[in-house]
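**Q** Mind having a look at this structure? Questions to follow.
Residue numbers (this note's numbering): 9 to 276.
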């Protein structure tokens with residue numbers, strides 16, 4: 009036995025040292041499997057291969073954070089919806105920006121029958137979260153088109169950048185809005201809505217005016233406040249829609265067609 013123990017200990021050390029991808033020594037490590045990387049690009053590619061019809065239906069959900077059981081219930085409910093093309097996660101995937109939190113939520117979301125794409129939330133930025141988000145999902149600001157709609161995802165978490173004037177990136181947003189040669193309906197998706205205290209007040213006017221002056225923007229989508237909300241907050245023709253959190257057990261089903269759209273609240 010005295011000869012076996014040292015070799016057993018050595019074998020354990022070798023096992024631990026040779027399987028770095030299986031163990032996480034620090035919760036801030038960005039240890040990801042290949043299947044957990046570049047999910048935004050992978051899922052947009054799946055969306056691009058879906059059939060297009062006169063009406064597009066998608067789900068807006070958000071603020072999964074530590075509500076893992078509720079998120080699993082959401083997936084079960086979402087999978088029962090008819091005619092859904094994809095799911096939009098409105099941010100706060102994680103609570104503390106930890107890699108394992110992102111991995112847990114992604115594991116749950118892969119049980120969806122549909123591809124899903126995300127926008128970064130304020131909780132996703134804390135700790136090493138923004139670096140993990142970039143590796144797991146992709147750029148913090150991006151866009152894609154499907155059918156008659158164009159989706160612009162933008163980081164609106166100004167407080168996490170000390171309200172330094174860089175977030176949201178207004179110049180990037182305006183360039184994206186202008187890049188619409190076929191005049192698709194434009195849907196801007198963020199986490200923090202511009203009327204929230206976590207949005208940079210010095211950028212609120214330029215942000216909302218950019219949306220209001222673009223005739224292709226009829227509505228815009230957010231999470232963050234853990235409540236349902238809809239209305240023309242600025243009386244400028246743009247409708248603001250907020251979905252509630254997974255903890256509150258709700259989401260929205262959005263339908264769009266040429267010249268119109270509809271939003272239905274769902275509680276599960």
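Just so it is clear, CB atoms sit at the ideal spot from N, CA and C, and this is done for glycine as well. It should be emphasised that the depicted structure is a prediction, and the values quoted were computed from it without experimental measurement.
Round the Cβ separation of residue 224 and residue 188 to the nearest angstrom and send it over; I've been treating them as touching at under 8 Å.
**A** Reading the chain shown from its first residue, position 216 is the one you call residue 224. Reading the chain shown from its first residue, position 180 is the one you call residue 188. About 6 Å separates the two Cβ atoms, so the contact holds.
**Q** Less than 6 Å between C-beta atoms, sequence neighbours within five positions excluded: which residues of the same chain meet that for residue 100?
**A** Along the chain shown, one-based indexing puts residue 100 at 92. Same-chain partners within the cutoff: 71, 73, 129 and 131.
**Q** In whole angstroms, give me the CA-to-CA distance for residue 249 and residue 227.
**A** As a working mapping, residue 249 is identified with position 241 in the chain shown. As a working mapping, residue 227 is identified with position 219 in the chain shown. Each residue's Cα considered, the two are about 7 Å apart.
**Q** With a Cβ-Cβ cutoff of 8 Å, do residue 112 and residue 254 count as a contact?
**A** Start at 1 with the first residue of the chain shown, and residue 112 comes out as number 104. Start at 1 with the first residue of the chain shown, and residue 254 comes out as number 246. No, the Cβ-Cβ distance between residue 112 and residue 254 is not below 8 Å.
**Q** Grab the span of the beta strand (DSSP E) containing residue 135 for me, first residue to last.
**A** Taking the first residue of the chain shown as position 1, residue 135 is located at position 127. Counting along the chain, residue 135 falls outside any beta strand (DSSP E), and DSSP gives it neither H nor E.
**Q** Per DSSP, residue 56 forms a beta bridge with which residues?
**A** By one-based count along the chain shown, residue 56 stands at place 48. The partner list for residue 56 (beta bridge, DSSP) is empty, contrary to what the question assumes.
**Q** Residue 211 by DSSP, collapsed to three states: which one?
**A** Numbered from its first residue, the chain shown carries residue 211 at position 203. Here residue 211 sits in helix by DSSP.
**Q** Using the Cβ count rule (16 or more neighbours within 10 Å means buried), how would you classify residue 199?
**A** Residue mapping note: residue 199 aligns to position 191 of the chain shown, counting from 1. By the neighbour-count rule (16 or more Cβ atoms within 10 Å), residue 199 is buried.
**Q** Which two residues bound the contiguous beta strand (DSSP E) that contains residue 69?
**A** Locating residue 69 in the chain shown gives position 61, counting from the first residue. Taken as a continuous stretch (DSSP letters only), the beta strand (DSSP E) holding residue 69 covers 64-69.
**Q** Only counting the same chain, and skipping five residues up and downstream in sequence, which positions put a Cβ closer than 8 Å to that of residue 182?
**A** In the chain shown, the residue the question calls residue 182 occupies position 174. Contacts found: 218.
**Q** Name the DSSP bridge partner or partners of residue 152?
**A** Walking along the chain shown from the start, residue 152 turns up at place 144. Answer is 159.
**Q** Residue 98 and residue 211 - do their beta-carbons sit closer together than 8 Å?
**A** Within the chain shown, the letter at position 203 stands for residue 211. Within the chain shown, the letter at position 90 stands for residue 98. No, the pair does not count as a contact, with Cβ atoms beyond the cut-off.
**Q** Please check the pair residue 166 and residue 207, which I expect to be a contact at CB under 8 Å, by giving their CB distance rounded to whole angstroms.
**A** Position 158 of the chain shown, counted from the first residue, corresponds to residue 166. Position 199 of the chain shown, counted from the first residue, corresponds to residue 207. Confirmed, about 5 Å.
**Q** Determine, using beta carbons only, whether residue 118 and residue 145 come nearer to each other than 8 Å.
**A** Position 110 of the chain shown, counted from the first residue, corresponds to residue 118. Position 137 of the chain shown, counted from the first residue, corresponds to residue 145. For residue 118 and residue 145, no; Cβs fall outside 8 Å.
**Q** Alpha carbons only, please: which of 204, 56, 136 and 163 is nearest the one belonging to residue 124?
**A** As a first step, residue 124 must be located in the chain shown, where it is residue number 116. Ranking 204, 56, 136 and 163 by Cα distance to residue 124 puts 56 first.
**Q** Tell me the DSSP bridge mates of residue 193?
**A** Position 185 of the chain shown, counted from the start, is the residue given in the question as residue 193. Its beta-bridge partners are 157.
**Q** Which same chain residues, not among the five before or five after residue 62, have their C-beta less than 7 Å away from its C-beta?
**A** Looking up residue 62 in the chain shown gives position 54. Within the same chain, residue 62 has close Cβ partners 265.
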